[in-house]
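**Q**
2 protein chains.
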Amino acid sequence: MVFYMAEPLTISLDAMGGDHGPEVVLAGANISLSRHPEMRFRIYGDSSQIETELQKFPKLIAQSVVCHTDVAVPMDAKPSQALRSGRRVSSMWQAIEAVKNGEASAAISAGNTGALMAMSRFCLKMLPDINMDRPAIAAFWPTVTSECIVMDVGANVGADTTQLVDFALMGSAMARSLYGVERPKVGLLNIGEEEVKGLDEIKEAHVILRDSSFPMDYIGFVEGHKIGHDIANVVVCEGFSGNIALKTAEGTAKQVGEYVRSAINSSLISKIGALIARGAFQVLKEKMDPRNLNGGIFLGLNGIVIKSHGGMDAYGFANAIDVGYDMAKAEVVTLIKHDLELFHHENKKA
Amino acid sequence: MVFYMAEPLTISLDAMGGDHGPEVVLAGANISLSRHPEMRFRIYGDSSQIETELQKFPKLIAQSVVCHTDVAVPMDAKPSQALRSGRRVSSMWQAIEAVKNGEASAAISAGNTGALMAMSRFCLKMLPDINMDRPAIAAFWPTVTSECIVMDVGANVGADTTQLVDFALMGSAMARSLYGVERPKVGLLNIGEEEVKGLDEIKEAHVILRDSSFPMDYIGFVEGHKIGHDIANVVVCEGFSGNIALKTAEGTAKQVGEYVRSAINSSLISKIGALIARGAFQVLKEKMDPRNLNGGIFLGLNGIVIKSHGGMDAYGFANAIDVGYDMAKAEVVTLIKHDLELFHHENKKA
Numbered sequence: 013m014v015f016y017m018a019e020p021l022t023i024s025l026d027a028m029g030g031d032h033g034p035e036v037v038l039a040g041a042n043i044s045l046s047r048h049p050e051m052r053f054r055i056y057g058d059s060s061q062i063e064t065e066l067q068k069f070p071k072l073i074a075q076s077v078v079c080h081t082d083v084a085v086p087m088d089a090k091p092s093q094a095l096r097s098g099r100r101v102s103s104m105w106q107a108i109e110a111v112k113n114g115e116a117s118a119a120i121s122a123g124n125t126g127a128l129m130a131m132s133r134f135c136l137k138m139l140p141d142i143n144m145d146r147p148a149i150a151a152f153w154p155t156v157t158s159e160c161i162v163m164d165v166g167a168n169v170g171a172d173t174t175q176l177v178d179f180a181l182m183g184s185a186m187a188r189s190l191y192g193v194e195r196p197k198v199g200l201l202n203i204g205e206e207e208v209k210g211l212d213e214i215k216e217a218h219v220i221l222r223d224s225s226f227p228m229d230y231i232g233f234v235e236g237h238k239i240g241h242d243i244a245n246v247v248v249c250e251g252f253s254g255n256i257a258l259k260t261a262e263g264t265a266k267q268v269g270e271y272v273r274s275a276i277n278s279s280l281i282s283k284i285g286a287l288i289a290r291g292a293f294q295v296l297k298e299k300m301d302p303r304n305l306n307g308g309i310f311l312g313l314n315g316i317v318i319k320s321h322g323g324m325d326a327y328g329f330a331n332a333i334d335v336g337y338d339m340a341k342a343e344v345v346t347l348i349k350h351d352l353e354l355f356h357h358e359n360k361k362a
Numbered sequence: 013m014v015f016y017m018a019e020p021l022t023i024s025l026d027a028m029g030g031d032h033g034p035e036v037v038l039a040g041a042n043i044s045l046s047r048h049p050e051m052r053f054r055i056y057g058d059s060s061q062i063e064t065e066l067q068k069f070p071k072l073i074a075q076s077v078v079c080h081t082d083v084a085v086p087m088d089a090k091p092s093q094a095l096r097s098g099r100r101v102s103s104m105w106q107a108i109e110a111v112k113n114g115e116a117s118a119a120i121s122a123g124n125t126g127a128l129m130a131m132s133r134f135c136l137k138m139l140p141d142i143n144m145d146r147p148a149i150a151a152f153w154p155t156v157t158s159e160c161i162v163m164d165v166g167a168n169v170g171a172d173t174t175q176l177v178d179f180a181l182m183g184s185a186m187a188r189s190l191y192g193v194e195r196p197k198v199g200l201l202n203i204g205e206e207e208v209k210g211l212d213e214i215k216e217a218h219v220i221l222r223d224s225s226f227p228m229d230y231i232g233f234v235e236g237h238k239i240g241h242d243i244a245n246v247v248v249c250e251g252f253s254g255n256i257a258l259k260t261a262e263g264t265a266k267q268v269g270e271y272v273r274s275a276i277n278s279s280l281i282s283k284i285g286a287l288i289a290r291g292a293f294q295v296l297k298e299k300m301d302p303r304n305l306n307g308g309i310f311l312g313l314n315g316i317v318i319k320s321h322g323g324m325d326a327y328g329f330a331n332a333i334d335v336g337y338d339m340a341k342a343e344v345v346t347l348i349k350h351d352l353e354l355f356h357h358e359n360k361k362a
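So the sequences go chain by chain: A and B.
Under the numbering used here, the first residue of the first sequence is numbered 13, with each subsequent residue one higher.
Under the numbering used here, the first residue of the second sequence is numbered 13, with each subsequent residue one higher.
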């Protein structure tokens with residue numbers, strides 16, 4: 013049984029994941045702790061490395077339990093390989109298992125995505141009323157004035173109709189509990205707004221969502237250029253196109269950032285102007301900082317697992333911890349479970 | 013027979029397409045004429061409307077033949093409907109037919125995309141050695157220092173392996189003739205760079221392209237965030253994800269533009285700085301102007317058809333005309349035909 017309400021919340025950390033291992037993970041935990049001083053940690057990995065880093069953060073020491081593991085999952089291991097050699101014994105597995113055992117409310121890892129997904133699924137199991145055999149990955153997407161949830165961004169390539177509907181249900185539950193919106197605006201990513209366009213799965217999911225009584229405000233199809241323009245709280249897509257969309261947006265934002273830099277550096281007078289307006293550029297830089305929205309959320313599991321980007325620094329990792337913390341605090345999994353049960357029960361009756 | 017080499021080149025225009033009809037089409041033609049003073053036009057549509065607009069552009073009058081048509085294809089007509097009521101008699105059809113008859117080297121329309129596609133296919137026919145029953149749409153994608161070709165951006169949803177390979181061949185021919193690159197860098201859009209990831213069609217196309225002797229430098233999988241970062245001349249994708257990528261990039265660029273504007277307007281001092289650096293912002297604005305890369309190229313047809321965005325102004329429409337002009341001048345269709353024949357011939361032998 014998982015105790016989502018355990019107070020104060022404990023977060024389990026895979027200290028060995030990511031490009032930088034314990035150094036970034038512990039510094040990240042320390043940043044997150046400064047924002048949520050009551051938070052507690054269970055930290056899994058090589059205890060000598062962890063203890064060395066931990067010495068830098070006296071407050072973190074007081075709130076943490078270090079659990080030694082001998083095995084770290086390599087960043088380039090195949091999921092099946094990782095599962096074979098890392099099951100039960102690796103820092104990644106044990107961080108997830110802490111969630112299963114109720115010792116932690118969410119697990120955070122910057123490690124190998126495929127391995128984290130395989131282990132999460134194997135250890136925590138999928139929720140009973142779900143049509144997927146692996147979790148979907150939800151991401152926060154910055155919008156002009158706020159943010160929205162986009163899912164799946166890469167786990168379920170070629171999701172079918174019922175999976176798309178489940179994504180919509182899960183995304184909606186997430187938006188309700190995280191954003192406090194009673195009826196979140198939910199849309200389906202498609203290549204046109206007309207009902208005749210797109211893939212059959214999407215058109216079928218559209219009909220189900222349109223005619224449903226789900227606690228959401230279903231807004232129909234959303235095209236790629238509108239994701240960031242505040243028309244939806246949740247944009248649902250199959251994993252392939254969701255991943256393409258997410259990465260294309262990241263690449264484009266970076267590209268425009270380079271245009272801005274190069275335009276400003278093109279003359280002395282532009283540089284002077286930019287120096288005067290540096291406050292504005294600082295705001296812009298913060299707004300576009302990819303670290304702010306770090307943290308891919310695995311949805312559909314019996315528990316919370318958050319994937320931090322492998323290359324993140326401590327600030328970015330802290331944000332992934334915060335996502336796990338917020339998800340646990342808002343009891344998102346309980347709500348998802350409830351919604352899925354209700355829907356699949358109603359569906360069976362019909 | 014189509015005379016791609018006809019000198020001076022004649023371009024056929026559907027004057028009735030787009031949100032603004034003849035007003036924008038003729039003003040656009042006039043801009044394009046100022047860049048290529050030898051160009052000639054065949055202009056199809058309501059002759060009284062066309063003649064009125066044409067009076068504004070004395071040089072254009074001298075280079076144009078106006079061909080009256082009674083029917084204009086509505087922007088919201090279904091392709092089958094448009095074909096039924098507009099075949100032979102509409103401005104859109106006749107502009108395409110001019111290419112078929114050798115009276116023009118490329119047709120440009122800002123009209124209904126589905127109708128333009130159906131009519132192009134019906135009138136010009138697909139090239140003999142091609143595995144598609146409708147043209148692919150190629151788009152120019154701005155990169156940090158230059159541009160690349162991305163295709164298909166929306167015509168062939170769920171393209172199969174052989175279609176993806178044909179896209180690669182056509183895109184490569186286009187890059188060779190337009191950019192003068194001997195062996196264009198060609199990549200396949202995917203959700204990871206590893207060979208194990210992605211859809212089966214993409215993985216199979218990857219193997220064919222990797223092992224082929226095509227006149228291209230095949231670079232493997234390209235992820236969404238790298239499209240705009242100058243790693244490929246051609247990025248090949250299936251129509252659904254290509255459209256999602258293109259529109260997401262457009263939306264993100266616009267979104268970042270709004271961040272820049274709002275950051276600058278946030279204080280008086282920022283406004284002053286921006287005023288001083290206004291030259292830089294002008295450069296930035298031009299760099300990000302979507303009109304510069306207007307023009308979706310229909311590939312796989314026995315002739316050149318360019319789709320201008322329906323909402324474009326004269327400057328944007330002129331750029332779509334220029335794309336048609338450049339494609340005709342570079343004899344892209346002849347090269348594509350040659351490459352496809354060669355490949356499919358070799359393939360049969362093997």
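Positions of the beta carbon are idealized from the N, C-alpha and C atoms, including for glycine.
With a CB to CB cut of under 6 Å and the five nearest residues on each side skipped, what residues in its chain are close to Gly308 of chain A?
**A** Ile149, Ala151, Lys319.
**Q** CA-CA distance, Ala289 of chain B and Ile284 of chain A?
**A** If you take the alpha carbons of Ala289 of chain B and Ile284 of chain A, they lie about 7 Å apart.
**Q** Name, in chain order, the residues that DSSP records as bridge partners for Thr22 of chain A.
**A** DSSP, once it has assigned bridges, lists A:Arg52 as partnering Thr22 of chain A.
**Q** Starting from Lys297 of chain B, trace the alpha helix (DSSP H) in both directions and tell me its first and last residue.
**A** Counting along the chain, the alpha helix (DSSP H) containing Lys297 of chain B begins and ends at 290-299.
**Q** Consider the Cβ of Ile284 of chain A: report whether some Cβ of chain B lies at a distance smaller than 7 Å.
**A** So yes, Ile284 of chain A belongs to the interface.
**Q** Here's the rule I'm using: 16 or more other beta-carbon atoms within 10 Å means buried, otherwise exposed. How should Lys197 of chain B be labelled?
**A** It counts as buried.
**Q** So is Val14 of chain B in contact with chain A if we call contact Cβ pairs under 7 Å?
**A** Residue placement at Val14 of chain B is flagged as unreliable, the pLDDT there being 46, under the threshold of 50; the coordinate-derived value follows with that caveat. By this cut-off, Val14 of chain B is not an interface position.
**Q** Which one or two residues does DSSP pair with Met138 of chain A in a beta bridge?
**A** Paired residue(s): A:Leu313.
**Q** Distance, Cα to Cα, Asp351 of chain A vs Leu181 of chain A?
**A** Those two C-alpha atoms are separated by around 7 Å.
**Q** I think Leu21 of chain A touches Lys341 of chain A, with their Cβ atoms under 8 Å apart; what is that distance to the nearest whole Å?
**A** Sure, about 7 Å apart at Cβ, within 8 Å.
**Q** Is Gly236 of chain A close to chain B, meaning its C-beta is less than 7 Å from at least one C-beta of that chain?
**A** For Gly236 of chain A, the answer is yes, since a Cβ of chain B falls inside 7 Å of its Cβ.
**Q** Considering only the alpha carbon of each residue, which of B:Pro70, B:Asp26, B:Val36, B:Gly33 lies closest to Arg54 of chain B?
**A** Among B:Pro70, B:Asp26, B:Val36, B:Gly33, the Cα nearest to that of Arg54 of chain B belongs to B:Asp26.
**Q** Do the CB positions of Ser121 of chain B and Met138 of chain B come within less than 7 Å of each other?
**A** No, they are not a contact pair.
**Q** Among the candidates B:Thr81, B:Gln75, B:Leu66, whose CA atom is the shortest distance from the CA of Gly57 of chain B?
**A** Nearest C-alpha to Gly57 of chain B: B:Thr81.
**Q** With a threshold of 7 Å between beta-carbons, can Gln93 of chain B be considered close to chain A, or not?
**A** Chain A contact via Cβ: absent.
**Q** When you compare the region 231-238 of chain A with the region 221-240 of chain B, are there three or more beta-carbon pairs, one atom per stretch, that lie closer than 8 Å?
**A** No: the two stretches stay apart, fewer than three of their Cβ pairs being nearer than 8 Å.
**Q** Could you tell me which residues DSSP pairs with Val247 of chain A in its beta bridges?
**A** Looking at the DSSP assignment, Val247 of chain A forms a beta bridge with A:Val162, A:Gly199.
**Q** Does the distance from the C-beta atom of Met186 of chain B to that of Val344 of chain B stay below 7 Å?
**A** Yes.
**Q** Take Glu65 of chain A as the anchor and find which of A:Cys160, A:Gly98, A:Ala326 has the nearest alpha-carbon.
**A** The residue with the shortest Cα to Cα distance from Glu65 of chain A is A:Ala326.
**Q** So, using beta-carbon positions, are Phe252 of chain A and Ile276 of chain B closer together than 7 Å?
**A** Result no, Cβ atoms of Phe252 of chain A and Ile276 of chain B do not sit closer than 7 Å.
**Q** Could you tell me how far apart the beta carbons of Ile108 of chain A and Ala119 of chain A are, in whole angstroms, since I believe they sit closer than 8 Å?
**A** Rounded, the Cβ-Cβ distance is 5 Å, consistent with contact.
**Q** Which residue wins for smallest C-alpha separation from Ile348 of chain B, given the options B:Met324, B:Phe310, B:Gly328?
**A** Minimum Cα distance to Ile348 of chain B is reached at B:Phe310.
**Q** Is there a Cβ from chain B that is less than 7 Å from the Cβ of Ala275 of chain A?
**A** Answer yes: the Cβ-Cβ gap between Ala275 of chain A and chain B drops below 7 Å somewhere.
**Q** Pop quiz: Ile333 of chain B and Ala110 of chain B are said to be a contact at Cβ under 8 Å. What is the actual Cβ separation, rounded to whole angstroms?
**A** Not a contact, Cβ separation roughly 14 Å.
**Q** Consider the Cβ of Leu200 of chain B: report whether some Cβ of chain A lies at a distance smaller than 7 Å.
**A** By this cut-off, Leu200 of chain B is not an interface position.
**Q** Smallest Cα separation from Leu75 of chain A: which of A:Gly29, A:Val156, A:Ser46, A:Ile161?
**A** A quick correction: the sequence has Gln, not Leu, at residue 75 of chain A. Cα-wise, what sits closest to Gln75 of chain A is A:Ser46.
**Q** Below 8 Å on the Cβ atoms is my contact criterion, and I expect Gly8 of chain A with Met324 of chain A to pass it. Report the Cβ-Cβ distance as a whole number of Å.
**A** Because residue 8 of chain A is not part of the residues shown, which for chain A are 13 to 362, the question remains open.
**Q** For the region 152-182 of chain B, enumerate the residues whose C-beta is nearer than 7 Å to any C-beta of chain A, in chain order.
**A** Of all residues in the region 152-182 of chain B, Val156, Gly166, Val169, Gly170 have a Cβ within less than 7 Å of some Cβ in chain A.
**Q** Taking only beta-carbon atoms, is Tyr271 of chain B less than 7 Å away from chain A?
**A** For Tyr271 of chain B, the answer is yes, since a Cβ of chain A falls inside 7 Å of its Cβ.
**Q** Taking 8 Å as the cut-off, does the region 188-195 of chain B touch the region 167-177 of chain B (at least 3 CB pairs, one atom from each stretch)?
**A** Cβ pair count under 8 Å is below three, so no.
**Q** If distances are taken between C-alpha atoms only, which option among B:Ile23, B:Leu136, B:Met51, B:Gln61 comes closest to Gly33 of chain B?
**A** Of the listed residues, the one whose Cα sits closest to Gly33 of chain B is B:Gln61.
**Q** Excluding the five sequence neighbours on either side, which residues of its own chain have a C-beta within less than 8 Å of the C-beta of Ala286 of chain A, listed in chain order?
**A** Once the five neighbours on either side are set aside, the close Cβ partners of Ala286 of chain A are Ile276, Phe293.
**Q** Let me know the alpha helix (DSSP H) ranges lying completely inside the region 54-126 of chain A, each 4 residues or longer, listed in chain order.
**A** For the region 54-126 of chain A, whole alpha helix (DSSP H) runs of length 4 or above, ordered along the chain, are 59-66, 70-75, 91-98, 103-112.
**Q** Closer than 7 Å by C-beta to Asp242 of chain A: which residues in its own chain qualify, once you throw out the five before and the five after it? Chain order, please.
**A** If we look at Asp242 of chain A and ignore the five residues flanking it on each side, its Cβ neighbours are Thr155, Val156, Thr157, Ser158.
**Q** Would you check if the distance between the CB atom of Ile23 of chain B and the CB atom of Ala167 of chain B is smaller than 7 Å?
**A** Not a contact, by the Cβ cut-off of 7 Å.
**Q** Thinking C-alpha only, which one of A:Asn143, A:Glu213, A:Ala244, A:Ile239 is nearest Glu250 of chain A?
**A** It is A:Glu213.
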